[in-house]
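Visitor: Protein chains in written order, with this note's numbering: chain F, 149 to 262; chain P, 2 to 111.
For each residue, glycine too, the CB sits at the ideal point set by N, CA and C.
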Amino acid sequence: DTGVSQNPRHKITKRGQNVTFRCDPISEHNRLYWYRQTLGQGPEFLTYFQNEAQLEKSRLLSDRFSAERPKGSFSTLEIQRTEQGDSAMYLCASSLSSGSTEAFFGQGTRLTVV
Amino acid sequence: DAKTTQPNSMESNEEEPVHLPCNHSTISGTDYIHWYRQLPSQGPEYVIHGLTSNVNNRMASLAIAEDRKSSTLILHRATLRDAAVYYCILLSNTGNQFYFGTGTSLTVIP
Chain F
149 DTGVSQNPRH KITKRGQNVT FRCDPISEHN RLYWYRQTLG QGPEFLTYFQ NEAQLEKSRL
209 LSDRFSAERP KGSFSTLEIQ RTEQGDSAMY LCASSLSSGS TEAFFGQGTR LTVV
Chain P
2 DAKTTQPNSM ESNEEEPVHL PCNHSTISGT DYIHWYRQLP SQGPEYVIHG LTSNVNNRMA
62 SLAIAEDRKS STLILHRATL RDAAVYYCIL LSNTGNQFYF GTGTSLTVIP
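(1) For the 8 Å Cβ check, are there 3 or more pairs between the region 70-87 of chain P and the region 176-185 of chain F?
(2) Quick check on residue 82 of chain P: does DSSP put it in helix, strand or coil?
(3) Smallest Cα separation from residue 172 of chain F: which of F:189, F:166 and F:151?
(4) Locate the beta strand (DSSP E) running through residue 232 of chain F, then write down its first and last residues.
(5) Ordered along the chain, which non-local residues of its own chain (more than five positions away) have a Cβ less than 6 Å from that of residue 165 of chain F?
(6) For residue 38 of chain P, tell me which candidate among F:216, F:251, F:259 and F:258 has the shortest Cα-Cα distance.
(7) Can you pull the chain P residues whose beta carbon is under 8 Å from the beta carbon of residue 248 of chain F, in chain order?
(8) Give the straight-line distance between the Cα atoms of residue 74 of chain P and residue 220 of chain F, rounded to the nearest whole angstrom.
(9) By the 10 Å Cβ neighbour count, where 16 or more other Cβ atoms means buried, how is residue 210 of chain F classified, buried or exposed?
(10) Rounded C-beta distance between residue 4 of chain P and residue 100 of chain P? I'm assuming under 8 Å.
(11) Can you tell which of F:245, F:234 and F:255 has its C-alpha closest to the C-alpha of residue 262 of chain F?
(12) So who's on the other strand from residue 32 of chain P, going by DSSP bridges?
(13) Would you decide whether residue 68 of chain P is buried or exposed? Buried here means 16 or more other CB atoms lie within 10 Å of its CB.
(14) Can you tell me whether residue 188 of chain F is buried or exposed? The criterion is at least 16 other CB atoms within 10 Å of its CB, across all chains shown.
(15) Assign residue 205 of chain F to one of three DSSP states: helix, strand, or coil.
(16) Helix, strand or coil for residue 154 of chain F? Go by DSSP, reduced to three states.
(17) Taking three-plus beta-carbon pairs below 8 Å as touching, is the region 8-18 of chain P in contact with the region 44-56 of chain P?
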């Protein structure tokens, strides 16, 4: 297993377009997280899955954002009608179901909305 | 999850030990103390975690205060590759997210 994989690594899109990012977690990890990070700030929580169930969503996740994890494996994060303020690094992480284990982060997808 | 407080930045000379402090005065009994670091343009990387006892691994040591209201990440010999933002995070077994805060930006001086 090569760790958490995110695709694409970079995405440039025009304002108003829809974009979709994919995250492939470590295979036996049942927790999956999405975070957003802007320059100079720490990662901000967006949403969290336990297997296929989306158990928590941040207020940052407006109705233009949707995340899925259909079979409890990979996850997608879609942003509809992108705005310039959506420009950020989107990070995915996975872990086992316990605070006593570490989370593994992907390299992120950097979104630029022009 | 409980919040943490860290200094915004620290400096260290290369090959000297570095002690990165973290205050977590509202920690609960089930919260684990996690440390992650993030190099520029990369995702956060796990460093170490612990519950009550001090912990050592190949990357660092974690010293936890007896009352658990603070902890210190110890890098025994700082290298230039250790320059990163270090985050102290609390997570319980029932916790659903890692709350990152702003972290400590470590500069290593050659």
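Guide: In short:
(1) Flag = no, the region 70-87 of chain P and the region 176-185 of chain F do not touch.
(2) In the structure shown, residue 82 of chain P falls within a helical segment according to DSSP collapsed to helix, strand and coil.
(3) F:151
(4) Here residue 232 of chain F belongs to no beta strand (DSSP E), and DSSP marks it neither H nor E.
(5) 230
(6) F:251
(7) Going along chain P in sequence order, the residues near residue 248 of chain F (Cβ under 8 Å) are 33, 50, 52 and 94.
(8) 34 Å
(9) exposed
(10) 7 Å
(11) For residue 262 of chain F, the nearest C-alpha among the options comes from F:234.
(12) P:93
(13) exposed
(14) exposed
(15) strand
(16) DSSP places residue 154 of chain F in strand when its eight states are reduced to three.
(17) no
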